[in-house]
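Structure first, then comments.
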Amino acid sequence: MLESQEEMGKIERFEEIEAWKEACSLAEIIYKITKLERFSKNYGLKEQIQRASVSIASNIAEGFERQTKKEFIYFLYIAKGSAGEVRTLLYLGRKLNYFDESQYNEVLQKCIYVSNLIGKFIQYLKKYSNT
2 MLESQEEMGK
12 IERFEEIEAW
22 KEACSLAEII
32 YKITKLERFS
42 KNYGLKEQIQ
52 RASVSIASNI
62 AEGFERQTKK
72 EFIYFLYIAK
82 GSAGEVRTLL
92 YLGRKLNYFD
102 ESQYNEVLQK
112 CIYVSNLIGK
122 FIQYLKKYSN
132 T
C-alpha cells in the first residue's frame with residue numbers, strides 16, 4: 002500500500018482512482034476517432050495518439066503499483082505530460098481535417114478534464130507529503 006493511504010481515502014487498487022478511470026475512457030474515445038477513415042490512413046499520427054492516450058492511464062497504474070508516494074507523484078507527472086501530448090496530436094488531427102470541430106472540442110475537453118484531475122491529485126498527494 003502507499004505510504005499516504007490514509008490521506009488518499011484508503012485507495013486499495015489503481016482501478017479506484019477517478020483519474021485512471023477517466024484516462025481509460027479518453028483512450029477508448031481516441032481509439033474510436035482514429036478509426037475514422039481519414040485519420041486511420043495516417044498510421045504515424047494514429048499510432049502516436051493511441052500510444053500517448055494509453056500512456057496516461059498506464060502511468061497512473063504503474064506509479065500506484067510502485068508503492069511509494071514519491072514515485073507515484075513522479076508517474077502522475079508523466080501521465081499529465083502524456084495528456085499534453087494527446088492534446089497536441091488532437092490539434093494536429095483537427096488541422097489536417099481528420100475529424101470535425103465538434104468531435105475535436107469534445108475530445109479536447111475530455112483530455113483537459115483528465116489532465117486537471119491528475120494535476121489536482123498531484124497537489125493533494127504533495128500536500129500530505131514531504132516530497
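Residue numbers (this note's numbering): 2 to 132. Just so you know, even glycine gets a beta-carbon here, dropped at the ideal spot from N, CA and C.
message = Taking the alpha helix (DSSP H) that ASN98 belongs to, which residues open and close that run?
response = Per DSSP, ASN98 belongs to no alpha helix (DSSP H) and is neither H nor E.
query = Hey, how far is the Cα of ALA84 from the Cα of VAL115?
reply = 7 angstroms
query = Can ALA53 and ALA24 be called in contact, C-beta distance under 8 angstroms?
reply = no
key: Coarse secondary structure for ASN43, derived from DSSP in three states   = coil
key: Host alpha helix (DSSP H) of TYR32 (start-end)   = 19-34
message = Using 8 angstroms for Cβ pairs, my map puts GLN51 next to ILE31. What's the rounded Cβ distance?
response = 6 angstroms
query = Under a three-way DSSP split, which group does ARG14 fall into?
reply = coil
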